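Encoded as structure tokens, the structure appears first; notes follow it.
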Amino acid sequence: MALGVFIGLALPDLAAVAKPLLSPTVLVMLTVAMTRTDASSLGRTSRRAGTNLIALLWLLVATPCLMYVALVFLEVPPELATPMLIWSASPPLVTVPVIALIIGIDSAAALFLMVVSTFVFPFILPGLLFWLIGIEVELSAGALTLKLALMIAGCALAATIIRRKLGTEILREKAVLFDGIAVVLMLIFAVSVMDGVRDWLASDPATVLLYVGAAFAGSLALQLIGGLVFFWTDRQNQLSIALSSGNRNMALFMAAAGAALGPEAFLFFAVAQFPIYILPVVLKPIYQKLTIPTP
């Protein structure tokens, strides 16, 4: 999985060919994650109303405020600070439930937080950005929410059909196969999102390396802080929130308001894939050591 971003950099023509596969790959990955997530676990997660509300406020309000304070304190240039702030205020990645499965965390909490925060963020992010840095962006929250609802509902329907056709026992037996499919899909996504980064790396390697370092630092910091802040909840939920905190989905914002941003925002969006694909390999032993199996 981690090789995907490097393949995209090494083979820019392949990245350009794979770029049209971005959207369908995301949909299939979400379907795979929903298929692999046990419905009863998702039901138990949805009943943690208080914890889930606090987690949503943490993901969509508290983390961008903390990021803003850190960016101001470190005097990060605006062209990098703006996309980092947007990244920290975005919902968790669609692939977070897949990553959770791969590193051995119960994906139900990650899936629940991803779905709910994805619906909510269009109503929060524009006002938050205007309040923090004075950027005025129209996300067309109603239209975006409807589009997201149709996308998620379609994936949920497909996952339900697959689960009923195969049955719980076969899904359990074929878990490794589904995880392998998810990894291949993430590999395709990683290759496609690297389109254009090779040219930037050739012309301005120092900027690319700075942005890569900032992406790793942001992801690691938010995963660590997210885990520490939610020490009081059960271990599986705590680790799911930590993972969600450091893996954010900028793509929705970029698609809706990308024209209002500079090219640096698109560069950060691309290089933010490096920690998404590399850190699970590095952090998997740590997450597994901290995980307490669910009874």
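Start counting the sequence shown at 122; every next residue gets the next number (the numbering used here).
We put the beta carbon where it would ideally sit given N, CA and C, even for glycine.
All values reported here derive from a predicted model rather than from experimental measurement.
Only residues of its own chain outside the window of five on either side were considered, and among them Q359 and I362 have a CB closer than 6 Å to the CB of F351, listed in chain order. Spanning the alpha carbons of V403 and S313 requires a straight line of approximately 23 Å. Rounded to whole angstroms, the gap between the alpha carbons of A279 and L292 is 15 Å. When rounded, the separation of the alpha-carbon atoms in A183 and V304 is 31 Å. Here P213 is bridged, per DSSP, to R369. At a Cβ-Cβ threshold of 8 Å, M150 and L306 count as neighbours. Minimum Cα-Cα distance from A154 among the listed residues V219, L142 and V147 corresponds to V219. One thing to note: P185 has its Cβ within 8 Å of the Cβ of S209. Considering only I397, G347 and R356, the residue with the shortest C-alpha distance to M371 is I397.
The straight-line gap separating the alpha-carbon atoms of T354 and A270 is approximately 29 Å.
When only Cα atoms are considered, D316 and L132 end up about 9 Å apart. Note that the C-beta distance between L234 and S144 is not below 8 Å. For L322, the CB contacts under 6 Å within the same chain, skipping 5 residues up- and downstream, are V329 in chain order.
Restricting attention to beta strand (DSSP E) runs no shorter than 3 residues, the region 281–364 encloses none.
Only residues of its own chain outside the window of five on either side were considered, and among them P401, K405 and Y408 have a CB closer than 6 Å to the CB of I224, listed in chain order. In the same chain as V237, and ignoring 5 residues on each side of it, the C-beta atoms closer than 8 Å to its own belong to N173 and L177, in chain order.
Between L130 and R319, the alpha-carbon positions lie close to 5 Å from each other. The region 227–255 is shown to contain whole alpha helix (DSSP H) runs of 4 or more residues at 228–241 and 246–254, in chain order. Going by DSSP, G171 is part of the alpha helix (DSSP H) stretching over A170 to L178.
By the neighbour-count criterion, in which 16 or more other beta carbons inside 10 Å mark a residue as buried, W179 falls on the buried side.
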